[in-house]
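Peer 1: Here it is, the structure in full.
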Amino acid sequence: MSERAVAPRPLAGKVARALHVVAALLAAHGLLLWLVDTLHDRLPAPPDAIGPVLFWLLAVPALVLTRPFIPLFWKLGLMNAPGWFAWPKALGVALAYGSWIAALLAVAWLVRLAGRPPDAER
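Residues 19 to 140 (the working numbering) make up the sequence shown, in order.
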């Protein structure tokens with residue numbers, strides 16, 4: 019066997035770890051989005067400057083992450099469309115975030131599996 023086949027591939031471990039970190043950050047963002055939505059009515063009104071910040075930090079990434087799932091959400095009735103702008107319902111956002119997290123973890127597992135030396139499978 020060649021040296022390359024026997025030597026461990028640390029890059030695969032680093033890439034898999036980075037994908038795990040991204041999945042954890044995505045889960046934390048989804049949790050923060052849910053928490054802000056839940057506590058929005060219970061807390062006093064925030065100052066005017068916080069509204070745009072929350073929109074750009076929470077709503078815009080959520081809309082970007084749910085964009086690939088929009089046709090499916092329309093078919094499943096998981097979209098709100100009260101006027102000229104439509105956005106996913108809370109269950110749709112949760113499904114999109116769960117799908118992205120599952121996909122990132124699956125890719126991390128495949129990267130880690132591909133980075134193993136051939137003798138490690140025994």
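Ideal Cβ placement from N, Cα and C applies to all residues, glycine included.
1) Alpha carbon to alpha carbon, how far is R130 from W102? Give it in angstroms, no decimals.
2) Give me the Cα-Cα distance between W118 and A132, rounded to the nearest whole angstrom.
3) Give the straight-line distance between the Cα atoms of L44 and Y115, rounded to the nearest whole angstrom.
4) Return the chain-ordered list of same chain residues with a C-beta closer than 8 Å to the C-beta of L123, the five sequence neighbours on each side being excluded.
5) Quick check on this structure: which residue in V54, I68 and A30 has the alpha carbon closest to the alpha carbon of A80?
6) Taking the continuous alpha helix (DSSP H) assigned at G48, which residues delimit it?
7) Assuming L76 and L50 make a contact with CB atoms under 8 Å, what is their CB distance in whole Å?
Peer 2: Here's the rundown:
1) W102 and R130 have their C-alpha atoms roughly 45 Å apart.
2) A direct Cα-to-Cα measurement between W118 and A132 gives close to 21 Å.
3) When rounded, the distance between both Cα atoms is 7 Å.
4) The beta carbon of L123 sits closer than 8 Å to those of L37, H38 and A41, all from its chain and outside the five residues before and after it, given in chain order.
5) If we check each option's Cα against that of A80, V54 comes out closest.
6) Looking at the DSSP string, the run of the alpha helix (DSSP H) that includes G48 is P28 to L57.
7) Their Cβ separation, rounded to whole angstroms, is 7 Å, which keeps L76 and L50 in contact under 8 Å.
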